[in-house]
Amino acid sequence: MAEFGNGYILGFATVVCIVSSLALAGTHSAMKPMQDLNMQRSFQKDVLAAVGLPEDDKPLTGPDIDTLYAERVKIVIVDRDGKVHEDKSLDDAKAALTAVKGTADAPEYLAVYERIDGDKVGAIAIPLYGRGLWGPISGFVALGADASTVTGSVFFAPAETPGLGFEITSDWFEDQWKGKSLVDSAGASKPVKVVKGKASEMCADDPTHCVDGVTGATLTCRGVTEMVGQGVRFYEPYLRGLRANGG
Amino acid sequence: MGADVSALPTETKAESGFLGAKAKKAFVDPLSDNNPVTVQILGICSSLAVTTQVQQALVMGIAVAVCTAFSNAALAAIRNFIPSSIRIIVQLAVISVLVIVVDEVLKAYMFELEQRLSVFIGLIITNCILMGRAEAYAMANPPWPSFLDGLGNGVGYGMILLTVGSFREILGSGTWFGFHVVPQFAYDAGYANNGMMVLAPGAFVLLGLIIWAQRTWTGYRES
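Protein chains in written order, with the working numbering: chain A, 2 to 248; chain B, 61 to 283.
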């Protein structure tokens, strides 16, 4: 290693920067298509998991996800009054969601993911968006054909603390939603809430509307409760229509 | 005059060749006698974080080995052109580029595993083993031995990760590479997985035991 003049040092640093940028840009563009496909499959896999597919619980890989998703999942766009819009797409629902960002208003269009069993709808998943302690959380709650009984759930918490708030993405938390109900005994809409501690102790009188909380993650759990409450409120007109039609 | 020429420190062909003694030493030394984890006590953070499952440990070990090998080789190739006043940031730039490339490739071809390793792939950049080998070896040696030195250190690190990972996964989850290795009758007879093994303290205890065993075996003493 020798001593060099300032001009050389600056020149060397510039060359290092340019070569590094080119290497990174090149790698990123080469890998982008494959990465996008992975992201898309990861999302589809989560939707499938929420609506209880595949039935045999076998781990799915690559193209199998594409096939199963294309065959069994149908996206339906409804408005906030519960009317189905055949002419709208997922992009309209996304745009509507962005439009009400930061407010408590229901988006104009909402997406529903239907599981197709032959010629009827076996389950529906509604997407949820909310706030955790450190950042956005999201998820799906899946309902059975009666549009009331919860058949599955998936949660995402990219910014929450591992071991605490991030626990809402673990199997034990997601699995306990199965069998809960979004209506009360009189048939009125009633969301499931996350209690502090054990649901069996905290709300023994109403076990179908409570799930266990995560110790040390009270605020994240409150975020989940709010998110589910809001989702149930937004989708209420549509769900009521389904219940009236007997699913 | 008349000094014995063979006593002078000139490298013979056998020592400096492609697979000569120097190259061999560069690769073999860090596997045990100078292991980066158990002897130099480097890279401890990730050895604790990514060893709950063997598969994660394996991929992490390979990623680090690839990064140390190629960063060492690249830096050794340009070592005579790097101004000493900015050498550390140049080392960091080369290491960062390699780590990001590895991360991008994993995202494209091993997506789910990459998601589980999450931030720890990116943190290879700050893994002391990489900077340490760049500064201590690659700055003073030609590319080929530097490559082997980097590879040896990466493999040495990976071996420890795999050992810790195997113990943690078998004792903590009853599986190895995801396959059940603890038979069902053991659970029926009252055997339970050790919960501490899936947490960081379990890794600490295991790593301590491994360091003890390895140092007893090699006879290494802190000076």
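We treat Cβ as the ideally placed atom computed from N, Cα and C, and that holds for glycine.
None of the values given here were measured: they were computed from a predicted structure.
*CB of P205/B within 8 angstroms of CB of A129/B, strictly*: no
*Quick one, are the C-beta atoms of G119/A and A146/A less than 8 angstroms apart?*
no
_Listed by chain order, chain A residues near Y251/B by CB distance under 9 angstroms_ = Chain A residues near Y251/B: none, gap ~21 angstroms exceeds 9 angstroms.
*Beta carbon of G182/B, beta carbon of D209/B: below 8 angstroms?*
no
*Three or more C-beta pairs closer than 8 angstroms, one from the region 176 to 196 of chain A and one from the region 209 to 226 of chain A: is that the case here?*
yes
_V151/A beta carbon less than 8 angstroms from that of I127/A_ = Against a cut-off of 8 angstroms, the Cβ pair of V151/A and I127/A comes out as no contact.
*Indicate whether G218/B and A125/B have their beta-carbon atoms separated by less than 8 angstroms.*
yes
_Check this for me: beta carbons of A86/B and F180/B, under 8 angstroms apart or not?_
no
*Spatial neighbours of R139/B within its chain, please: CB distance less than 7 angstroms, with the 5 preceding and 5 following residues excluded, ordered by chain position.*
A198 and M199
*asked:* So the candidates are L177/B, G250/B, L79/B and V154/B; which of them puts its Cα closest to the Cα of V17/A?
replied: V154/B
*Can you pull the chain B residues whose beta carbon is under 7 angstroms from the beta carbon of Y70/A, in chain order?*
Near Y70/A there are no residues of chain B at all, since even the closest Cβ is about 16 angstroms away, more than 7 angstroms.
*Can you tell me whether DSSP reads W236/B as helix, strand or coil?*
Three-state DSSP puts W236/B in a strand.
*What separation, rounded to the nearest whole angstrom, lies between the Cα atoms of E282/B and V265/B?*
20 angstroms
*Check E115/A in the structure and name its three-state DSSP category.*
strand
_Comparing C-alpha positions only, which one of L91/A, R132/A and M203/A sits nearest to E227/A?_
R132/A
*Excluding the 5 residues preceding and the 5 following S131/B in the sequence, name in chain order all residues of the same chain whose CB lies nearer than 7 angstroms to its CB.*
V154, I155, L158, L190, A194 and G210
_Neighbour flag for Q36/A against chain B, beta carbons, 8 angstroms_ = yes
*For L144/A, is the classification buried or exposed, using 16 other Cβ atoms within 10 angstroms of its Cβ as the cut-off for buried?*
Buried, because 16 or more other Cβ atoms sit within 10 Å of the Cβ of L144/A.
*Should A200/A be labelled buried (16 or more other beta-carbon atoms within 10 Å of its own) or exposed?*
buried
*Chain-ordered neighbours of P143/B on chain A, where CB pairs are closer than 7 angstroms*: F5, Y9, I10 and F13
*Below 7 angstroms between beta carbons is the criterion; list the residues of the region 15 to 34 of chain A that meet it against any residue of chain B, in chain order.*
V17, S21, A24, L25, T28, H29 and M32
_If I measure Cβ to Cβ from C204/A and keep anything under 8 angstroms in the same chain, skipping five residues before and after, which residues do I get?_
Excluding its 5 nearest sequence neighbours in each direction, C204/A has C-beta neighbours in its own chain below 8 angstroms: V196, H210 and C211, listed in chain order.
*G103/A, enclosing beta strand (DSSP E) - first and last residue*: Here G103/A belongs to no beta strand (DSSP E), and DSSP marks it neither H nor E.
*For Y169/B, decide whether its Cβ has a neighbour in chain A, counting only Cβ atoms nearer than 8 angstroms.*
Yes - at least one Cβ of chain A is within 8 angstroms of the one on Y169/B.
*Count the CB pairs spanning the region 92 to 110 of chain A and the region 47 to 67 of chain A that are closer than 8 angstroms, and state whether there are at least three.*
no
*Would you say V165/B faces chain A, with C-beta separation under 8 angstroms as the test?*
yes
*If contact means a Cβ-Cβ distance below 7 angstroms, which residues of the region 152 to 180 of chain A contact chain B?*
none
*Using DSSP with H/G/I as helix, E/B as strand and the rest coil, what is P238/A?*
helix
*Taking C-beta to C-beta, are F207/B and A133/B nearer than 8 angstroms?*
yes
*How about N95/B and G214/B: do their beta carbons lie closer than 8 angstroms?*
no
*Would you verify that the beta carbon of N246/A is, or is not, closer than 8 angstroms to some beta carbon of chain B?*
no
*Length of the line joining the Cα atoms of F235/A and L243/A*: 14 angstroms
*How about A168/B and M40/A: are their beta carbons less than 8 angstroms apart?*
no
*With a Cβ-Cβ cutoff of 8 angstroms, do V114/B and G225/B count as a contact?*
yes
*Taking 8 angstroms as the CB-CB limit, is I184/B close to chain A?*
no
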